[in-house]
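Note sheet for the following structure.
Residue numbers (the numbering used here): 1009 to 1167.
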């Protein structure tokens, strides 16, 4: 059986989590044991990828709206993904499971920590946030984009 939860470098007796692999592939090696042709793939793979032949749909879970990401790094990653799909249009669907503010009303994260440190889910919000994107994803699959890059941000704060 494959242990998908705690993957380790494939080098013998190495217990470090891998971040390097072949371009477009999964992470198999740590920095110390990477091969020359390997690149850091850990932060480049999208959470979900749908191939539509004329375009691609990429679904990403952006915890806390990924506010800690630098815009330049995000733009570079977007352009790398664009090249990886052969410079075809991409529709990004970004889903925030964290808290957000909309119309002056704050909605809490679907996950919170209990006093003992255990993860607690808000089942109603969890169901809503994973049901709502279905229509957006379906429309993105069925509609050939007119723009090269388009983004749908779901459950994000107003700017």
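Even for Gly, the Cβ is constructed at its ideal location relative to N, Cα and C.
Note that this is a predicted model, so its numbers are computed, not measured.
Per the coordinates, the alpha-carbon of residue 1061 lies some 43 Å from the alpha-carbon of residue 1126. Annotation for residue 1147: the continuous alpha helix (DSSP H) segment containing it runs 1141-1150. The Cβ-Cβ distance between residue 1028 and residue 1016 does not fall below 9 Å. The C-alpha of residue 1069 is placed about 21 Å away from the C-alpha of residue 1091.
Rounded to the nearest angstrom, the gap between the Cα atoms of residue 1147 and residue 1065 is 10 Å. In this structure residue 1104 is buried. Its beta-carbon is surrounded by 16 or more other beta-carbon atoms within 10 angstroms.
In the three-state reduction of the DSSP assignment, residue 1037 falls in the strand class, which pools E and B. Judged by DSSP in its simplified three-state form, residue 1122 adopts coil rather than helix or strand. In this structure residue 1035 is buried. Its beta-carbon is surrounded by 16 or more other beta-carbon atoms within 10 angstroms. Excluding the 5 residues flanking it on each side, residue 1050 has same chain C-beta neighbours closer than 6 Å at 1027 and 1035, in chain order.
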